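Numbering (full-length UniProt numbering), first residue to last: 1 to 124.
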């Protein structure tokens, strides 16, 4: 996960994992690099939001002041980012042909691990 802030090398690593998975399926072509970068960026946003949420002191809500100066509790913005980026990443992976059905399941496959993480996060 992102320990503090994801770095550009993390983005490159994710893009390479996606490319490698597509290459192993025989579906990679360089014309898909923009789609791969968009997918990798969405996945990074997901990881950053997940990292924020997993901090020990974070609560599921934040306090906001209304116009009348009353305090109201609203869902923490990191949850919206998490679920939005999760859904976008899942759709982009599917568009790239990277679903659990298309990948050969291997216990040590990092691409399968992050696809499983993205797919599983929506079920929590």
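Glycine included, each C-beta is placed from N, C-alpha and C at the ideal position.
If you're wondering where the values come from, they're calculated on a predicted model, not measured in any experiment.
Original post:
Is the beta carbon of residue 53 sitting closer than 7 Å to the one on residue 75?
Top reply: Here residue 53 corresponds to residue number 53 of the chain shown, with the count starting at 1. Here residue 75 corresponds to residue number 75 of the chain shown, with the count starting at 1. Taking 7 Å as the Cβ cut-off, residue 53 and residue 75 do not qualify as a contacting pair.
Subject >> Minimum length 4: unbroken alpha helix (DSSP H) runs contained in the stretch 34-105 >> reply: Those alpha helix (DSSP H) runs which fall completely within the stretch 34-105 and span 4+ residues are 77-95.
Subject >> C-alpha distance - residue 9 paired with residue 15, whole-angstrom precision >> reply: As a position in the chain shown, residue 9 is number 9, starting the count at 1. As a position in the chain shown, residue 15 is number 15, starting the count at 1. C-alpha separation (whole angstroms): 10 Å.
**OP:** Excluding the 5 residues preceding and the 5 following residue 11 in the sequence, name in chain order all residues of the same chain whose CB lies nearer than 7 Å to its CB.
**Re:** The count along the chain shown starts at 1 and reaches residue 11 at position 11. Sequence-distant partners of residue 11 (beyond 5 residues in either direction) whose C-beta falls short of 7 Å from its own C-beta, in its chain, are 40, 41 and 44.
**OP:** Taking the CB atoms as reference points, tell me whether residue 85 and residue 114 lie closer together than 7 Å.
**Re:** In the chain shown, residue 85 corresponds to position 85, counting from 1. In the chain shown, residue 114 corresponds to position 114, counting from 1. No, they are not a contact pair.
Original post:
Considering only residues of the same chain and omitting the five flanking positions on each side of residue 121, which have a CB-CB separation below 6 Å?
Top reply: Within the chain shown, residue 121 is the residue found at index 121, counting from 1. Excluding positions up to five away in sequence, the list reads 86.
Original post:
Where does residue 17 land, buried or exposed, given buried means 16+ other C-beta within 10 angstroms?
Top reply: Indexing the chain shown from 1 puts residue 17 at position 17. Buried.
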